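S.K.: This is the structure, below, for whatever I ask next.
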Amino acid sequence: MFSLYGYQDIFLEGAWLTLQVALLSLVLSVVLGLLAALAKLSHSTVLKSIATLYTTIIRGIPDLILMLLIFFGGQLLINDMSYNLNEWLNETLTGYYPDHEWTAYLPEYIDISPYFAGIVTIGFIFGAYMAETFRGAILSVNKGQLEAATAYGMNKYKRFSRVMFPQMMRYALPGLGNNWLVLLKTTALVSIIGLQDMVKIAGDASGSTQKPFTFYLVVALIFLFYTAVSTSALKWAERKYSIQTR
Amino acid sequence: MDFSIILNEYPFYLEGLWTTTWLVAASLLIGLVIAIPAGILRSHSNWFIKGPVWAYMYFFRGSPLLVQLFLIYYGAAQFDSLRDSWLWYYFQEAWFCALLAFALNTGAYTAEIVRGVISTMPIGELEAAKAYGMSRWQRLRRITLPNSLRRALPAYSNEIIFMIHGSAIAGVVTIVDITGTARVVNARYYAPFEAYLAAGLLYMCLTFSVIYLFKLWEKSYQHN
Numbered sequence: 148m149f150s151l152y153g154y155q156d157i158f159l160e161g162a163w164l165t166l167q168v169a170l171l172s173l174v175l176s177v178v179l180g181l182l183a184a185l186a187k188l189s190h191s192t193v194l195k196s197i198a199t200l201y202t203t204i205i206r207g208i209p210d211l212i213l214m215l216l217i218f219f220g221g222q223l224l225i226n227d228m229s230y231n232l233n234e235w236l237n238e239t240l241t242g243y244y245p246d247h248e249w250t251a252y253l254p255e256y257i258d259i260s261p262y263f264a265g266i267v268t269i270g271f272i273f274g275a276y277m278a279e280t281f282r283g284a285i286l287s288v289n290k291g292q293l294e295a296a297t298a299y300g301m302n303k304y305k306r307f308s309r310v311m312f313p314q315m316m317r318y319a320l321p322g323l324g325n326n327w328l329v330l331l332k333t334t335a336l337v338s339i340i341g342l343q344d345m346v347k348i349a350g351d352a353s354g355s356t357q358k359p360f361t362f363y364l365v366v367a368l369i370f371l372f373y374t375a376v377s378t379s380a381l382k383w384a385e386r387k388y389s390i391q392t393r
Numbered sequence: 380m381d382f383s384i385i386l387n388e389y390p391f392y393l394e395g396l397w398t399t400t401w402l403v404a405a406s407l408l409i410g411l412v413i414a415i416p417a418g419i420l421r422s423h424s425n426w427f428i429k430g431p432v433w434a435y436m437y438f439f440r441g442s443p444l445l446v447q448l449f450l451i452y453y454g455a456a457q458f459d460s461l462r463d464s465w466l467w468y469y470f471q472e473a474w475f476c477a478l479l480a481f482a483l484n485t486g487a488y489t490a491e492i493v494r495g496v497i498s499t500m501p502i503g504e505l506e507a508a509k510a511y512g513m514s515r516w517q518r519l520r521r522i523t524l525p526n527s528l529r530r531a532l533p534a535y536s537n538e539i540i541f542m543i544h545g546s547a548i549a550g551v552v553t554i555v556d557i558t559g560t561a562r563v564v565n566a567r568y569y570a571p572f573e574a575y576l577a578a579g580l581l582y583m584c585l586t587f588s589v590i591y592l593f594k595l596w597e598k599s600y601q602h603n
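Line by line, the protein sequences are chains P and Y.
Per this note's numbering, numbering of the first sequence is gapless, rising by one per residue and ending at 393.
Per this note's numbering, numbering of the second sequence is gapless, rising by one per residue and ending at 603.
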């Protein structure tokens, strides 16, 4: 392997961590995106407006701000809530049993890990972009197909999983691929909330070796490698899945 | 939650808003100056011209903006020759590094928009221009550029939004833009929720005003 002032092993770990965060957020964003797209196309006004609010807010606020908001603000909010709930529980119990001693029923301090916050935030953000992609894809599927499925007596779930989903994914693939490429680059931000990804490791390493340019260049090259692999994989997938529509 | 903090600090936030606005506007302007020649040269037949432009666009579109910013802001110090030259005066300033990184980044993305729009240029119009005896430069100036600009507008408005959102990382390298303001306010009062929520709302105002203005502009194009 290449040598990088003794940092190569920890660097590879960081690169793997970046990929993990990206892949897990992708899964979350696809799930959220599908739900939001279905909500937007549903007949319920409540669901529609929740989904619209979600996609509008996300597209208006930068990812970094959302990440800081969830990581720092969310942590404070959850801890405030669990503190208040604890107090309330104890007070109520003391009301019934006067000799009841104060106990922490909920953890006194919940620590959101940057790993978790990063995945949740990125997944949450890209869910909004995925929603738009999926909404367009769902609308592109021929209505006759769904009608045929209904005529065959398929229920709602089967109609979605057997007819709608496989066909819409084909239309969604180009947009999905674009979102993935943007998502991949967004994962660099988790270093700001303290996750030991490769950007953070590059920062630590350049502090001790005085070679910041070298280290950040390696990070950039690894990202380029990831995007290059993704691009060719996406091209392959688009070719494979477009055959039947021709 | 105590939003009186934000009300007390609103002049500070407005300064941050101003910093973000000029930083993004200047980056977009410089980026556009880079993007138009780069986008045109990207389809050049000579590989020695096409190659470097391809490499530039590939690098800046394929790696995260944060890494590019760090590469310039922290990385510049690694080169002694740069540190000894007059350029160091600029490279030690966070705002200069951010401006450079943002401009190069948006330049690459915008060049891709320019390239895409030029390559889907309606051939008939160009042929008509040729038949009128226009030179290559005249065709570019009279037909290709105005026509492309109109078709590039939706994609470019997206790029502006991305740039506004992307510029939030300037707060990480000591620049007191909207994010930087929120970080300072949070450090001063330990009120992360209020501080970042206010920043988010400001970015949202900025984003939606840009979207609105571009919608108006696109509409005026359609009426003509």
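C-beta: ideal position from N, C-alpha, C; glycine also.
Please read all numbers here as calculations on a predicted model, not as lab measurements.
Please report the straight-line C-alpha distance between asparagine 226 of chain P and alanine 298 of chain P, rounded to a whole angstrom.
M.R.: 52 Å
S.K.: Counting pairs of beta carbons, one from the region 342–351 of chain P and one from the region 296–312 of chain P, are three or more of them closer than 8 Å?
M.R.: no
S.K.: How would you label methionine 228 of chain P, buried or exposed, when you count the other beta carbons within 10 angstroms and need 16 or more for buried?
M.R.: exposed
S.K.: Whether or not the region 312–329 of chain P and the region 279–295 of chain P are in contact is what I'm after, with contact meaning three or more pairs of Cβ atoms, one per stretch, closer than 8 Å; do they touch?
M.R.: With the cut-off at 8 Å, the region 279–295 of chain P and the region 312–329 of chain P touch.
S.K.: Would you mind telling me which residues of chain P sit closer than 8 Å to tyrosine 575 of chain Y, beta carbon to beta carbon, in chain order?
M.R.: Ile212, Leu215, Leu216, Phe219, Gly220
S.K.: Considering Cα atoms alone, identify which of P:Gly207, P:Phe370, P:Leu364, P:Ser308 is closest to leucine 330 of chain P.
M.R.: With distances taken between Cα atoms, leucine 330 of chain P lies closest to P:Phe370.
S.K.: Classify serine 422 of chain Y as helix, strand or coil using the three-state DSSP reduction.
M.R.: In the structure shown, serine 422 of chain Y sits in coil (DSSP, three-state: anything other than H, G, I, E or B).
S.K.: Of all the options Y:Phe438, Y:Leu519, Y:Arg520, which has the alpha carbon lying nearest to the alpha carbon of glycine 486 of chain Y?
M.R.: Y:Phe438
S.K.: Exposed or buried, what is proline 447 of chain Y when buried is set at 16 or more other beta-carbons lying within 10 Å of its beta-carbon?
M.R.: The sequence given here has glutamine at residue 447 of chain Y, not proline. Classification of glutamine 447 of chain Y: buried, given that the 10 Å Cβ count is 16 or more.
S.K.: If we call anything under 9 Å between Cβ atoms a contact, is isoleucine 339 of chain P one with valine 551 of chain Y?
M.R.: yes
S.K.: Give the secondary structure of serine 377 of chain P by DSSP, where H, G and I count as helix, E and B as strand, and everything else as coil.
M.R.: Helix at serine 377 of chain P.
S.K.: What residues from chain Y crowd round tyrosine 100 of chain P, counting only those whose CB sits closer than 8 Å?
M.R.: With chain P running from 148 to 393 in the structure shown, residue 100 of chain P is simply not present.
S.K.: In whole angstroms, what is the alpha-carbon distance linking leucine 194 of chain P and phenylalanine 218 of chain P?
M.R.: 27 Å
S.K.: Let me make sure I understand the geometry here. Which of Y:Ala531, Y:Leu532, Y:Glu504 has the alpha-carbon closest to that of leucine 519 of chain Y?
M.R.: Y:Glu504
S.K.: Run through DSSP, which three-state label would serine 406 of chain Y get?
M.R.: helix
S.K.: Looking at the unbroken alpha helix (DSSP H) that takes in valine 168 of chain P, where does it start and where does it end?
M.R.: 155–188
S.K.: Where alanine 477 of chain Y and alanine 570 of chain Y are concerned, what is the direct C-alpha to C-alpha distance, given to the nearest angstrom?
M.R.: Straight-line Cα distance between these residues: approximately 27 Å.
S.K.: Just checking, does the region 167–181 of chain P make contact with the region 254–273 of chain P on the three C-beta pairs under 8 Å criterion?
M.R.: yes
S.K.: Tell me the rounded alpha-carbon separation between alanine 473 of chain Y and tyrosine 535 of chain Y.
M.R.: Cα to Cα, alanine 473 of chain Y sits roughly 26 Å from tyrosine 535 of chain Y.
S.K.: Could you check whether the Cβ of leucine 224 of chain P sits closer than 9 Å to any Cβ belonging to chain Y?
M.R.: yes
S.K.: Helix, strand or coil for valine 555 of chain Y, going by three-state DSSP, please let me know.
M.R.: coil
S.K.: With a 10 Å radius around its C-beta and 16 neighbouring C-beta atoms as the bar for buried, classify isoleucine 554 of chain Y as buried or exposed.
M.R.: buried
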